[in-house]
Amino acid sequence: MQIKWGENAVNGAPVTWDSSRVVNPHIGLFGDTGMGKTHNIQKIINELLETSTHNRLRFHIFDAHGDIEIEGASTVHFHESADFGFNLLELNSDPEFGGIRKRIQSLITAINKTSTRLGHRQERLLTRLLTGLYRDAGFIITDPSTWGLSPERPAYPTLLDAIDYSRQYLHSVYTGSTSAAVTALQDVNKLVKLIRAREVSLQRMGGDDPSIEKLQRDLDAAKQKAILSYTEAVNGVSSGEELDMAIESEGQEETLRAVIDRLENLYGIGIYRSTPPPLDPRNPVWRYVIKALESEEKKLFTMTRLETLFTRAIQRGVQSEIRDVVILDEAHLYLEKEDDYIVNRMVRELRKFGVMMVFATHGLNDYTQSTLAGLGTKIVLGVDHTYRRVAATKLMIDEPTMNFIVPHQRILAQMKNRGETNTVTHRVLLNS
Ligand SMILES: Nc1ncnc2c1ncn2[C@@H]1O[C@H](COP(=O)(O)OP(=O)(O)OP(=O)(O)O)[C@@H](O)[C@H]1O
Ligand SMILES: [Mg+2]
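Add 35 to a position in the sequence shown, counting from 1, and you land on the number used in the working numbering.
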């Protein structure tokens, strides 16, 4: 596949990106507002489509502004009241890369990245709840052979199931017969303690305490109640989990309510539904318009989607050609500085697996050093003079070369081809 950037200003030769020659397919576009980032994204997609020699190419356009128009693209608008979305609890059944523990962990990471961090207790409780939810649906955390779908396990639980499950848990733990029995036993103990304390002080001080008689009557009543509650609890044991649940959940009601709140908020964003979005499987261009989402929600959406693409790519194995092109316009919305962050890992690890990443940002500060170095091609469309020095340093471009740029007419294209020791910075005249 090829992309023609324009002509070399020095010798008139075409400056062309060639997927079979570049060290890696990733591209970074840098430019201020109006310099043509979105315009170039459209150009990249159209030229890749035109020059692709196989029909297994798929573009994933994360369209934060809703302005990346591509003719014939399969476009879906994600918003709060959409009745489709992605299932956040869908498992990857690969024993090495997939599984329940990983899924739960990335869900927790996603929540933590986009809103206040979950507390330690909340994390533990959420993990326990989700593990139970999967287990009840037949997916066992320690048994990879249960992670795929089968006639006995026809569907993965959904976020809505997780909310229902947690609410039921709340209900059964805090109003269930086992915890009622535990509470009744606690009441008996409290009353006995009180009576003993009174008796001790009576012995010391002498005299009479009529309240003891009253307490004794209360104790008798409490004992009766406890006996009845225990009878009910014993007869009511159905899953065998009741006692563990009651003991483990002691004093955790508030934590549980907070966790349910978090899950409900996540559901409220409207991007996690069990009905998949109406993207056309025969169309090579999938455009996710996420304009209507808040910026944290955009990030959450993109992160979870990228995670699915990541694991699918690894499972698919090493590829000799590009299969997925991920387009991140306004990429500052999704970039993070941690090395193990999904976007950074994709740049580093997915080249061999046929995944190409395209970024567009104003400056270069949002990238980690290694992610920036991992972009085989960098296109400088025009950088405001306040950023120019940083840009020049990070890209190792000298001032006169930087000054070559004239928006919409002259750009710089840095490409590293296989077998070349240096990255070449081309001064490019645009054709239009
Ligand atoms: N090389 C070009 N030749 C002619 N017109 C161009 C060129 N590049 C961009 N334009 C036009 O300039 C305008 C702004 O471009 P574009 O929307 O791509 O900028 P952008 O860098 O994505 O800006 P923003 O940061 O605001 O999203 C558009 O109308 C686009 O068609
Ligand atoms: Mg733009």
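Where is the CB? At the ideal position from N, CA and C, for every residue including glycine.
Quick check on the DSSP output: the beta strand (DSSP E) that includes HIS95 runs from which residue to which?
93 to 98
For ASN43, which beta-bridge partners are listed by DSSP?
VAL463
ASN452 - partner residues in DSSP beta bridges:
VAL57
Tell me whether SER109 sits in a helix, a strand or coil according to DSSP, three-state version.
In this structure, SER109 counts as strand in the three-state DSSP scheme.
Taking any heavy atom of ligand 2 as the mark, which residues have a C-beta closer than 5 angstroms to it, listed down the chain?
LYS72 and THR73
Using a Cβ-Cβ cutoff of less than 7 angstroms, which residues in the same chain neighbour ALA145 once the five nearest sequence positions on both sides are dropped?
LEU335, MET338 and THR339
Any heavy atom of ligand 1 closer than 6 angstroms to the Cβ of LEU205?
no
Should LEU123 be listed as close to ligand 1, given that the test is whether its C-beta is under 6 angstroms from any heavy atom?
Flag unset: Cβ of LEU123 not near ligand 1.
Give me the Cβ distance between LEU385 and LYS413, rounded to the nearest whole Å; I'm assuming they're in contact under 8 angstroms.
Not a contact, Cβ separation roughly 18 angstroms.
When you compare the region 176 to 195 with the region 312 to 319, are there three or more beta-carbon pairs, one atom per stretch, that lie closer than 8 angstroms?
no
Under the criterion of a Cβ to heavy atom distance below 6 angstroms, does HIS367 qualify as lining ligand 1?
no
Just to confirm before moving on: does the CB-CB distance between GLY66 and LEU416 stay below 7 angstroms?
yes
I need the boundaries of the alpha helix (DSSP H) containing ASN133, first residue and last residue.
Going by the sequence as given, residue 133 is Gly instead of Asn. Element bounds for GLY133: n/a, residue is neither H nor E.
First through last residue of the alpha helix (DSSP H) which encompasses ARG239:
212 to 240
Work out the CA separation of GLY271 and PHE394 for me, nearest whole Å.
58 angstroms
Residue interval of the alpha helix (DSSP H) (run including ALA172):
Neither: ALA172 is in no alpha helix (DSSP H) and is coded neither H nor E.
Have a look at ASP375 and VAL382 and give me their C-alpha separation to the nearest angstrom.
11 angstroms
Where DSSP assigns a beta bridge to ALA395, which residues make up the other side?
Per DSSP, LEU64.
Separation of GLU289 from ARG156, as counted between CA atoms:
11 angstroms
Any chance the CB of HIS443 is under 6 angstroms from a heavy atom of ligand 1?
yes
Rounded to a whole number of angstroms, what is the C-alpha to C-alpha distance between LYS372 and GLN404?
9 angstroms
Contact set for GLY63: own chain, Cβ-Cβ below 6 angstroms, skip 5 residues either direction
PHE394, LEU410 and LYS413
What residue does the alpha helix (DSSP H) around VAL378 start on, and which one ends it?
377 to 384
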